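Position one of the sequence shown corresponds to residue 53 (our numbering), numbered consecutively onward. Where is the CB? At the ideal position from N, CA and C, for every residue including glycine. Keep in mind the model is a prediction, meaning the values are calculated, not measured. Since the structure comes first, as structure tokens, the remarks are kept for the end.
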Amino acid sequence: MFGERWKNILNQKGEQTALWHPGGALTFLEIDQLARGLQPQNCPRLGAFFLAQGDGVTVTLALLAGFLSGLPVQVVEMDRQRRVPLSVPEAPVSLIKQTVGSSGVRRCQFFTLAQIAADVDRLHQTLELHRHEAALAPLSVAHSFGLTTTVLQTLFNGLPTHWLPTPFPAGMNEALSRHQQVFLPGVPAMWKAWLIAALDLSCVSLAVTAGSPLTLSLEQQARDTFGFKLHNLYGTSECGAISYDATLAPRSSAADIGTLLPGLAIRQEQDGRLRVLSDAAGLGYDEVLPGDVLGSSEHLTWDVITEVAGRLHFQSCVGDGINVASRKLSPTEIAARIREATGIREVTISGVPSRDPERTQDVVCAIMLPQDQLTQAFKSSACAALAPWEVPRKWVSLPQPGA
Numbered sequence: 053m054f055g056e057r058w059k060n061i062l063n064q065k066g067e068q069t070a071l072w073h074p075g076g077a078l079t080f081l082e083i084d085q086l087a088r089g090l091q092p093q094n095c096p097r098l099g100a101f102f103l104a105q106g107d108g109v110t111v112t113l114a115l116l117a118g119f120l121s122g123l124p125v126q127v128v129e130m131d132r133q134r135r136v137p138l139s140v141p142e143a144p145v146s147l148i149k150q151t152v153g154s155s156g157v158r159r160c161q162f163f164t165l166a167q168i169a170a171d172v173d174r175l176h177q178t179l180e181l182h183r184h185e186a187a188l189a190p191l192s193v194a195h196s197f198g199l200t201t202t203v204l205q206t207l208f209n210g211l212p213t214h215w216l217p218t219p220f221p222a223g224m225n226e227a228l229s230r231h232q233q234v235f236l237p238g239v240p241a242m243w244k245a246w247l248i249a250a251l252d253l254s255c256v257s258l259a260v261t262a263g264s265p266l267t268l269s270l271e272q273q274a275r276d277t278f279g280f281k282l283h284n285l286y287g288t289s290e291c292g293a294i295s296y297d298a299t300l301a302p303r304s305s306a307a308d309i310g311t312l313l314p315g316l317a318i319r320q321e322q323d324g325r326l327r328v329l330s331d332a333a334g335l336g337y338d339e340v341l342p343g344d345v346l347g348s349s350e351h352l353t354w355d356v357i358t359e360v361a362g363r364l365h366f367q368s369c370v371g372d373g374i375n376v377a378s379r380k381l382s383p384t385e386i387a388a389r390i391r392e393a394t395g396i397r398e399v400t401i402s403g404v405p406s407r408d409p410e411r412t413q414d415v416v417c418a419i420m421l422p423q424d425q426l427t428q429a430f431k432s433s434a435c436a437a438l439a440p441w442e443v444p445r446k447w448v449s450l451p452q453p454g455a
């Protein structure tokens with residue numbers, strides 16, 4: 053299936069640019085040649101596979117190599133260590149996402165080629181991505197949202213991607229100056245930063261946000277400053293895009309996450325969680341938790357969603373994952389690293405609402421240590437192995453035994 057699609061793209065666009073990056077650009081034929089020269093790695097669970105970890109070029113080439121050869125591709129964020137799957141489905145696996153998601157536990161999710169294509173094509177059709185010159189990719193292409201809206205669109209539908217290592221203004225300005233009509237996906241924290249930086253986004257023909265709730269204030273500021281509608285997209289890594297706000301008018305409720313995408317069905321469980329029936333829902337996890345549903349074209353999300361007059365409204369997330377500026381963090385991972393660094397066993401990590409709505413949540417560390425010992429030096433040492441966005445913003449001293 054993929055081979056024929058890719059052959060048609062090469063016939064139609066072979067000499068055209070497929071991928072811009074800070075060092076230059078690659079045509080569709082060039083990435084085809086480079087991908088075919090890659091050698092797979094070996095995994096005791098997966099057998100031969102390709103690892104998609106690194107910059108946008110590296111991830112794109114590994115994906116293409118896997119899809120062309122029929123070998124699985126495991127996508128891993130640049131700052132993470134690859135997880136060896138604890139188990140692997142019997143069905144042929146084409147893509148493995150390694151993510152925390154809303155569950156709060158880092159796991160592997162498995163997908164067939166048909167499931168990947170279903171999500172990519174649904175987005176391509178719903179967002180009318182054929183109308184745009186390129187997709188700008190200032191967000192991680194190893195993250196499910198960035199992956200599906202940029203480099204997978206390049207490989208399945210021939211939409212060129214302009215990859216950027218960071219969303220910072222200097223690189224954004226240079227990339228934007230090269231195009232006339234670009235599709236720009238981002239998360240609310242990025243959109244807020246671009247507003248503050250007063251970027252010239254006049255060439256943006258479609259602006260989409262996902263990963264965290266979009267406030268009415270940010271939506272209005274984008275309209276006032278950039279002159280366009282910031283469209284809300286909602287989905288999960290397990291089943292892809294679920295709903296989209298395609299309207300041009302401002303929303304009246306910040307909870308509004310648009311209408312259900314074509315070909316999907318939903319129902320609300322007794323606890324309010326949204327169950328999605330989708331041909332893009334993955335095969336399952338490598339480690340199953342109580343309450344998990346992923347497989348047989350169904351996924352039970354950790355989100356409480358209501359439907360009002362045909363539109364979905366996000367109420368809350370009941371999973372243990374912490375959402376910091378659209379990055380889903382594992383409290384158990386953070387706690388384990390702090391325990392290892394300090395030798396203190398009584399450490400609990402949680403998330404609380406942030407005063408900055410685009411940040412969504414702040415990380416809180418409750419630790420059994422007297423308040424006067426929670427010095428800046430101690431905190432720096434305790435967090436040495438954490439990524440900047442994992443570092444607790446608030447520290448709480450737990451009562452000492454017998455105190």
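Kindly list the residues whose CB is nearer than 7 angstroms to the CB of N94, restricted to its own chain and excluding five residues on each side of it in sequence; keep chain order.
-> Here N94 has A100 as same chain residues with Cβ atoms under 7 angstroms from its own Cβ, once five neighbours each way along the sequence are excluded.
Would you kindly check if the distance between the Cβ of V128 and the Cβ of Q150 is under 8 angstroms? Less than 8 angstroms separates the beta-carbon of Q150 from that of V128.
Using a 10 Å radius around the Cβ and a threshold of 16 neighbouring Cβ atoms, would you call A189 buried or exposed? Label assigned to A189: buried.
Check your understanding: In three-state DSSP terms, what is P383?
Key -> Of the three classes helix, strand and coil, the one that applies to P383 here is helix, per DSSP.
According to DSSP, simplified to helix, strand and coil, what is F119? Three-state result, F119: helix.
* Under 8 angstroms between the Cβ atoms of L300 and K281? -> Yes; because the gap between Cβ atoms is below 8 angstroms, this pair is in contact.
Let me make sure I understand the geometry here. Which of G336, G108 and P314 has the alpha-carbon closest to that of P137? Ranked by Cα distance from P137, the options G336, G108 and P314 are led by G336.
task = Under the assumption that T261 contacts L285 (Cβ atoms under 8 angstroms), give the Cβ distance between them as a whole number of angstroms.
result = With 8 angstroms as the limit, T261 and L285 qualify as a contact, their Cβ atoms being about 7 angstroms apart.
- Buried or exposed: which applies to Q161, given that a residue is buried once 16 or more other Cβ atoms fall within 10 Å of its Cβ? The residue in question, Q161, is buried, as its Cβ has 16 or more Cβ neighbours within 10 Å.
Among residues of its own chain, excluding the 5 on either side of M130, which ones have a beta-carbon nearer than 8 angstroms to its beta-carbon? For M130, same chain residues with a beta-carbon under 8 angstroms away, outside a window of 5 residues either side, are Q105, G106, D107, S192 and A194 in chain order.
May I have the straight-line CA-CA distance separating V370 from R327, to the nearest angstrom? Spanning the two alpha carbons is a distance of roughly 14 angstroms.
Item to check | Contacts around L421, its chain only, beta-carbon distance under 7 angstroms, and the 5 residues preceding and following it disregarded | outcome: The residues are I396 and S449.
Would V203 be called buried (16 or more neighbouring beta carbons within 10 Å of its own) or exposed? Classification of V203: buried, given that the 10 Å Cβ count is 16 or more.
Less than 8 angstroms between the C-beta atoms of L521 and G66, yes or no?
Any property of residue 521 remains undetermined from this structure, which presents the chain solely from 53 to 455.
Using the three-state DSSP reduction, which class does D424 fall into: helix, strand or coil? In this structure, D424 counts as helix in the three-state DSSP scheme.
Problem set entry | Straight-line gap, V392 to V157 (C-alpha atoms, nearest Å) | Residue identity differs from the one stated: residue 392 is Glu in this sequence, not Val. Between E392 and V157, the C-alpha separation is close to 18 angstroms.
query = What number of angstroms, rounded off, separates the C-alpha of G373 from the C-alpha of A388?
reply = The alpha-carbon atoms of G373 and A388 are separated by roughly 15 angstroms.
Q | Assigned exposure category for V125 - 16 Cβ within 10 Å defines buried | A | Using a 10 angstroms sphere on the CB of V125, the tally of other CB atoms reaches 16 or more, which defines it as buried.
Pick helix, strand or coil for K59, following the three-state DSSP scheme.
Three-state result, K59: helix.
key: For V416: DSSP bridge partner residues   = Paired residues: S402 and K446.
Just the C-alpha distance for G362 and P451, rounded to the nearest angstrom, thanks. Put simply, the backbone Cα of G362 is about 50 angstroms away from that of P451.
| said: Going residue by residue through the stretch 175-222, where are the continuous alpha helix (DSSP H) segments of at least 4 residues, counting only ones entirely within it? | reply: With a minimum length of 4 residues, the continuous alpha helix (DSSP H) runs that stay inside the stretch 175-222 are 196-201 and 203-209.
Looking at the unbroken alpha helix (DSSP H) that takes in T79, where does it start and where does it end? Segment G76 to T79 is the beta strand (DSSP E) holding T79; no alpha helix (DSSP H) there.
(message) Report the start-end ranges of each beta strand (DSSP E) in the stretch 322-384 that is 3 residues or longer and not cut off at the edges.
(response) Correct list: 325-329, 350-360, 363-369, 374-376 and 379-381.
**Request:** Can you have a look at N375 and say buried or exposed, based on whether 16 or more other CB atoms are within 10 angstroms of its CB?
**Result:** Taking all protein chains in view, the Cβ of N375 is crowded by 16 or more other Cβ atoms within 10 Å, so the residue is classified as buried.
query = Under three-state DSSP, which class holds S257?
reply = Looking at S257 - three-state DSSP - the assignment turns out to be strand.
Inset, instruction - Would you give the residue range spanned by the beta strand (DSSP E) that I248 belongs to? - result: For I248, there is no enclosing beta strand (DSSP E); the enclosing alpha helix (DSSP H) covers residues P240 to A249.
- Range of the contiguous alpha helix (DSSP H) that encloses L268: In the DSSP assignment, L268 falls within the alpha helix (DSSP H) that extends over L268 to F278.
### Message
Please report the straight-line C-alpha distance between G292 and D338, rounded to a whole angstrom.
### Response
About 18 angstroms.
Beta-carbon proximity check, P444 vs V404, cutoff 8 angstroms
Result no, Cβ atoms of P444 and V404 do not sit closer than 8 angstroms.
task = Compute the distance between the beta-carbons of V109 and L71, then report whether it is under 8 angstroms.
result = In this structure, V109 sits near L71, with a CB-CB distance shorter than 8 angstroms.
**Message:** Just verifying my parser: in three-state terms, what is the DSSP assignment at S229?
**Reply:** Looking at S229 - three-state DSSP - the assignment turns out to be coil, as it is neither helix nor strand.
In the DSSP assignment, what are the bridge partners of K149?
Beta-bridge pairing links K149 to V127 and Q161.
Just to confirm before moving on: does the CB-CB distance between I61 and G210 stay below 8 angstroms? In terms of Cβ geometry, I61 and G210 form a close pair [threshold 8 angstroms].
I'd like the list of long-range same chain contacts for A439, defined as Cβ closer than 7 angstroms, with 5 residues on each side in sequence excluded. If we look at A439 and ignore the five residues flanking it on each side, its Cβ neighbours are D131.
task: Determine which residues share a DSSP beta bridge with G287 and list them.
output: Answer is A293.
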